[in-house]
Structures are given as C-alpha cells and as structure tokens.
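Participant: Structure provided below as structure tokens; questions to follow.
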Amino acid sequence: MRKDLVIPNHIGIIMDGNGRWAKQRGQIRSMGHRAGVDNFKKLMKYMSEVGVKFVSMYIFSTENFKRDKKEVDFLMDLFVKMFTDEFDEIMKANARVVFSGRKEPLPAKVLEAMKKAEESSKNNTGPVLNFCINYGGQWEIVDTTRKLCEKYKNGEISLNDITPEFIQKNLYQDLPPLDFVIRTSGEQRISNFMLYQSSYAEYYFPETYFPDFGPEEFDKAIEEYNNRDRRFGGIKK
Ligand code: FPP
18 MRKDLVIPNH IGIIMDGNGR WAKQRGQIRS MGHRAGVDNF KKLMKYMSEV GVKFVSMYIF
78 STENFKRDKK EVDFLMDLFV KMFTDEFDEI MKANARVVFS GRKEPLPAKV LEAMKKAEES
138 SKNNTGPVLN FCINYGGQWE IVDTTRKLCE KYKNGEISLN DITPEFIQKN LYQDLPPLDF
198 VIRTSGEQRI SNFMLYQSSY AEYYFPETYF PDFGPEEFDK AIEEYNNRDR RFGGIKK
C-alpha cells in the first residue's frame, strides 16, 4: 500500500461473485463460498496490517434465505466453522468482532458461535469487524424505530432527542458512517446494505469476483477512493 494514501475510516464490503467464480472453474457453488472464506482471511490480515479501523462485511442478507436449502445449510456450517475452529485467523489479525442483523431464523449453533466470537475477541484492539449476517438495511431501520418508540413510550427519551446522529448511534451497532463501499463481481447495486450508514459513502464496483479480491485488488480500490472528491453536499472550493 502506498504510504501517501488515505485509508477510509469505515469500509463496507459486499462479497459477491463466489458462485460465478466456482462456475467459471466447473465447480459447485459451495467451492466458491469456501474460496471466498479463504480470501477473506487473507484480506482481513492485510486490512489489519495497513491499519483499517472499521470493516463491515455483508456475508448473508435476510433475502439469502430464499436460496436452495442445501446452499443455505452449507453457508450456516461455514459460519460456525469461521467463528469457532477457524477463528484464530481473526484473533491473529487482532480484530474485534461484532454482528449486525436479526437473530430469527438463524440456527442456534450459528447464534452460539457468534456469541463466542464476540466474547473472545472483545478485548482486541485492531480493526472492528462488523459481520452483517441475516441482515437487511430496511429491517435495521425498522428495528431501530421500534427500539426508539419503546424508549419514548417508557419516558426514557423525548422527541427532540431523535436526531440523525442519535438514530445512527441506535442502529444494530454504534459505528461511524461508511466512507467507502466495495461490491465485487461487477454488479452495481447496494442490495439493502447499510442504507442509513451509507448516506455519503463512495461506491466502487470492481469486476473481480470476491475469491480473487485480494490485497492487490484492495490497494487498487484504495487508490480509486483517493481519486474521489468528497464534498458531502457542499461546493467545490
Ligand atoms: C455472494 O456470492 C456470497 C454470499 C451470499 C455468501 C457469502 C458468505 C460466505 C462465503 C460465508 C462466510 C464468510 C465469512 C467471511 C465469515 P454469490 O453466491 O451471490 O455469488 P454469485 O452472485 O456469483 O452467484
């Protein structure tokens, strides 16, 4: 990574293209997911080394439950593996793991593995790694609204407490806004990913499938980010 480049404070990654990566090689989709996990480990290590502070990974949307049961089951097992047997990779990167999303209908074994991952990494001082699992941006806004209505009803907050910053703080996780969102595989859509947090994010859509999006591709992405002119609605001076 070039020393003169600014690294975005909070990076979102929509890991897409695992299935196509496998198909291109005449393999079944699950091989693509496995390759995606292997790449994620490499990328995580690299992001930690270069000093990324916050990363949000979109690993399973609420809508992904519509997939074939076999593929969903495979992914659930992969999550368990990632957050238990293969968790030392994340520990080595000194990452603190948190999760965003709805619990229902995630299987108990996944919820348990998530809890363990959060617990064992809570004192790590490297990047905060927010896994969006069974996550939908619209549901996040609904769940937050319900939580705040409840607080209002109980007299814990007043209407004037509710500001854009206050809502941001009360989402599934209290994280800074997204600066940069990368969606691999050439698809140019956001698919319900962190709608509230991405109001002024820059987007980047490389053609590369996620299993091939390694450190070199990441460097290219950061270079691209540094060429953007972020004005947050203001006027160029
Ligand atoms: C997108 O590719 C990938 C997913 C919907 C699932 C990704 C999740 C994992 C690989 C499991 C665990 C990951 C981590 C980092 C803990 P796709 O299947 O939509 O690909 P396609 O668009 O080419 O079909």
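First residue of the sequence shown? That's 18 in this note's numbering, and the numbers climb one at a time after it. The beta carbon of each residue, even a glycine, is placed where N, CA and C say it ideally should be.
Can the beta-carbon of residue 30 be found less than 7 angstroms from the beta-carbon of residue 93?
Facilitator: Going by C-beta atoms, residue 30 is not nearer than 7 angstroms to residue 93.
Participant: Using CA atoms only, rank isn't needed, just tell me which of 53, 34, 79 and 142 is closest to residue 150.
Facilitator: Here the closest residue by C-alpha is 79.
Participant: Does the Cβ of residue 34 have 16 or more other Cβ atoms within 10 Å, making it buried, or fewer, making it exposed?
Facilitator: Result: buried.
Participant: Does the distance from the CB of residue 118 to the CB of residue 212 come in under 7 angstroms?
Facilitator: Cβ atoms of residue 118 and residue 212: not closer than 7 angstroms.
Participant: Please state whether DSSP places residue 152 in a helix, a strand or coil.
Facilitator: Note: residue 152 maps to strand in three-state DSSP.
Participant: Give me, in chain order, the residues of the same chain whose beta-carbon lies closer than 8 angstroms to that of residue 55; leave out the 5 immediate sequence neighbours on both sides.
Facilitator: Correct list, in chain order: 228.
Participant: Given a cut-off of 7 angstroms on the beta-carbon distance, is the pair residue 169 and residue 25 in contact?
Facilitator: In this structure, residue 25 does not lie closer than 7 angstroms to residue 169 by Cβ.
Participant: Mapping the DSSP letters down to three states, classify residue 216 as helix, strand or coil.
Facilitator: Residue state, collapsed to three classes: coil.
Participant: Can you grab the Cα-Cα spacing for the pair residue 72 / residue 247, in whole Å?
Facilitator: If you take the alpha carbons of residue 72 and residue 247, they lie about 20 angstroms apart.
Participant: Tell me the DSSP secondary structure of residue 243 in three-state form.
Facilitator: Reduced to three states, the DSSP call for residue 243 is helix.
Participant: Do you know how far the Cα of residue 113 is from the Cα of residue 142?
Facilitator: Roughly 7 angstroms between the two C-alpha positions.
Participant: With a threshold of 6 angstroms, establish whether the CB of residue 50 neighbours any heavy atom of the ligand FPP.
Facilitator: Answer for residue 50: yes, Cβ within range of the ligand FPP.
Participant: Tell me whether residue 90 is buried or exposed, calling it buried when 16 or more other Cβ atoms sit within 10 Å of its Cβ.
Facilitator: The residue in question, residue 90, is exposed, as its Cβ has fewer than 16 Cβ neighbours within 10 Å.
Participant: Leaving out the 5 sequence neighbours to the left and right, which residues in its chain are closer than 6 angstroms to residue 230 when beta-carbon positions are compared?
Facilitator: So the list reads 201, once near-sequence residues are dropped.
Participant: Measuring straight from C-alpha to C-alpha, what distance separates residue 179 and residue 103?
Facilitator: The alpha-carbon atoms of residue 179 and residue 103 are separated by roughly 41 angstroms.
Participant: What are the boundary residues of the alpha helix (DSSP H) that residue 131 is part of?
Facilitator: Element bounds for residue 131: 125-137.
Participant: If you check the beta carbons only, do residue 65 and residue 110 fall under 7 angstroms apart?
Facilitator: Cβ distance < 7 angstroms, so residue 65 and residue 110 count as in contact.
Participant: What would DSSP say about residue 176, mapped onto helix, strand or coil?
Facilitator: Helix, per DSSP.
Participant: With a CB to CB cut of under 7 angstroms and the five nearest residues on each side skipped, what residues in its chain are close to residue 139?
Facilitator: Excluding sequence neighbours, residue 139 sits near 113.
Participant: At a cut-off of 6 angstroms, would you count residue 276 as near the ligand FPP, judging by its Cβ distance to the nearest heavy atom?
Facilitator: With the chain covering 18 to 254 only, the question about residue 276 has no answer from this structure.
Participant: Output the distance between the C-alpha atoms of residue 252 and residue 188, rounded to the nearest integer angstrom.
Facilitator: Roughly 30 angstroms between the two C-alpha positions.
Participant: Using the C-alpha atoms, what's the distance from residue 47 back to residue 146?
Facilitator: Each residue's alpha carbon lies about 24 angstroms from the other.
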